[in-house]
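**Q** Note that the sequence shown covers residues 14 to 274 in the numbering used here. The structure follows.
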Amino acid sequence: MNEIIQNQLLETQENKSKSDNLPEGCVPMEIENAIKDFKDMAEKIVMNETDIENSISRFNIDQSNIFKKITSVLQSNDKILRIFISGPGGTGKSFLIETIVAWNKIIRNKETAVTAPTGIAAYNVSGLTIHRLLHLPVEHGCTAKYKELSPAALKQIRQSLENVDLIIIDEISMVSNITLMYIHLRLTEIFNTSECDDGWFGKIHIIVFGDLLQLPPVRENFAFVEVAKKDIEKYIGAINSFNLWTLFEYDELTINMRQKK
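Structure (structure tokens):
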């Protein structure tokens, strides 16, 4: 597994160097590769309604309540779901994510973008890294400034994510407040919601999982900390800041399934 992830990182670095000076109108290779991998993962979902019902029947009370809350909002279309689900390892998070993704595809015919901040974390939930899927800026050893997509890249990503109405981010403890802001900006850019009421995060549903007592972001603040004004000016070029974390409601997984085995 580590070899696979390392190869992906090397491929991303090589493709980035090749795409720095692309002619206008060309789409960077790393975007095309990420889109292909996203589509391949979506096609691997082979569950049917009976399989989903069987998965639901195996839920513990926490998983069941959270699943009902999430699917109720997704089916109603009355509001945008933004929720943080806390839970340490062993509380059935991966199984819940797998069932939500399958349910969204089979029942609603919608795609879910499953992401995480690192390659290993993304691999564990059958997803892609946030930076790779959304083509967020990366600089080794420091925080990169936000950069909008080129028109060609934006068009390509919009087409590939047009049926996505839910994004899941695992290991949110490793996502900094600046990266969370970048995720919001990129989704707003992709789904063109900058002028919409309640257009945060592209006005799509978003679920974040994690244990905030675990691994913190490297060199930066937790996602729940408001971005300092100086950082907003430095990395985004904006004047005002907003604590995106206040948009999320809260729930938690508390039952350790590993201890039951």
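We put the CB at the ideal spot given by N, CA and C, even for glycine.
Is the stretch 178-194 in contact with the stretch 129-139, if contact means three or more CB pairs nearer than 8 Å?
**A** yes
**Q** Which residues in the same chain have their Cβ closer than 6 Å to the Cβ of T112, if we skip the five residues on either side of it in sequence?
**A** S68
**Q** Per DSSP, which residues does D264 bridge with? Please list them.
**A** I98
**Q** Report the rounded CA-to-CA distance for A135 versus H144, giving the unit in angstroms.
**A** Spanning the alpha carbons of A135 and H144 requires a straight line of approximately 11 Å.
**Q** Starting from V177, follow the beta strand (DSSP E) in both directions and report where the run begins and ends.
**A** V177 to I182
**Q** Could you tell me how far apart the beta carbons of I65 and A166 are, in whole angstroms, since I believe they sit closer than 8 Å?
**A** 35 Å between Cβ atoms; not a contact.
**Q** Between V138 and the rest of its own chain, which residues show a CB-CB distance below 7 Å, the 5 nearest in sequence each way excluded?
**A** S107, I110, V127, A129 and D183
**Q** Three or more C-beta pairs closer than 8 Å, one from the stretch 152-159 and one from the stretch 206-220: is that the case here?
**A** no
**Q** Looking at C-alpha atoms only, which residue of D50, K168 and Y195 is the closest neighbour of A294?
**A** Past the edges of the chain, shown from 14 to 274, lies residue 294, and the structure says nothing about it.
**Q** Measuring alpha carbon to alpha carbon, tell me which of P230, I133, L198 and L87 ends up nearest I249.
**A** L198
**Q** L228 by DSSP, collapsed to three states: which one?
**A** L228 falls in the coil class under three-state DSSP.
**Q** Using the Cα positions of V59 and I119, report the straight-line distance between them to the nearest angstrom.
**A** Within the model, the alpha-carbon separation for V59 versus I119 is close to 9 Å.
**Q** Between which two residues does the alpha helix (DSSP H) carrying F108 extend?
**A** K106 to I119
**Q** Would you tell me roughly how many angstroms separate the C-alpha atoms of P41 and L162, rounded to the nearest one?
**A** 10 Å
**Q** Which class does F237 belong to by DSSP, given the choice of helix, strand or coil?
**A** F237 falls in the coil class under three-state DSSP.
**Q** By the three-class DSSP mapping on this structure, what secondary structure does F80 have?
**A** helix
**Q** Just the Cα atoms here: how many angstroms apart are I79 and S85?
**A** 10 Å
**Q** For N28 and V151, I'd like the C-alpha separation in whole angstroms.
**A** Interpretation of N28 is limited by its pLDDT of 44, a score under 50 that renders its predicted location unreliable; no figure is taken from the coordinates.
**Q** Is it buried or exposed for P229, if we count other Cβ within 10 angstroms and need 16 for buried?
**A** exposed
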